[in-house]
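In the UniProt record's numbering, the protein residues as written are 1 to 179.
All C-beta atoms, glycine included, are put in the ideal place defined by N, C-alpha and C.
What follows is one structure encoded as structure tokens, with my remarks underneath.
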């Protein structure tokens, strides 16, 4: 195996690891930002809604949009479900206090808080986030298939240029050698 080939192989592997790592981190960063924004919005809405319920001002509730309000009894029995497919499991309802907590379920996210009427749950569909993440994954995959061969070509040219003087010197030394 020639020096040029080993150089090409090692830098190609390094390029592959760098590219996969960068694309993975980009995808995870966007996913974390989208989920974090949704969670923060839901928690803020739940905090305001719980406060309104405590003060008896439920008619003044203004959520940020696309949010569904649910009410559960202390034992977890649903009192009001505005979307049946957003029903929370018993495990998610345990340990809910006055400070809102977030819960992620399949297809939706929820923010829960304790109120005088029971456990308040605000839910929001996560289909838009999943759709955006799917489009992002597709774009990152396309970027990989464009950038990887391009990077390998550049690595090949660099290895060829870097190894050329060394190979020339090795040929000259071999030509002078008495062996």
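Nearest C-alpha to residue 133 among 22, 26, 9: 26. Here the alpha carbon of residue 74 sits roughly 22 Å from the alpha carbon of residue 124. Rounded to whole angstroms, the Cβ separation of residue 40 and residue 120 is 17 Å, and the two are not in contact under 8 Å. Per DSSP, reduced to three states, the secondary structure at residue 152 is helical. Two segments are said to touch when three or more pairs of C-beta atoms, one from each, lie closer than 8 Å; by this definition the stretch 31-47 touches the stretch 109-120. In the same chain as residue 90, and ignoring 5 residues on each side of it, the C-beta atoms closer than 7 Å to its own belong to 76, in chain order. Distance between residue 164 and residue 136, taken at the CA atoms: about 41 Å. In the DSSP assignment, residue 70 falls within the beta strand (DSSP E) that extends over 67-72. Residue burial annotation: residue 114 is buried, with at least 16 other C-beta atoms found within 10 angstroms of its C-beta. In the displayed model, residue 106 falls within coil according to three-state DSSP, outside both helix and strand.
Pairing residue 138 with residue 13, the inter-Cα distance amounts to about 23 Å. Within the same chain, Cβ atoms closer than 7 Å to the Cβ of residue 81 are found at 70, 87, the five residues on either side in sequence being excluded.
From the listed residues 83, 84, 116, the smallest Cα separation to residue 96 is found for 116.
One alpha carbon belongs to residue 4, the other to residue 174, and they sit about 18 Å apart. Comparing alpha-carbon positions, the option among 155, 161, 144 lying closest to residue 21 turns out to be 144. Counting along the chain, the unbroken beta strand (DSSP E) around residue 122 starts and ends at 118-125.
Note on residue 18: under 16 other CB atoms within 10 angstroms of its CB, so exposed under the neighbour-count rule. DSSP, read as helix, strand or coil, puts residue 165 in helix.
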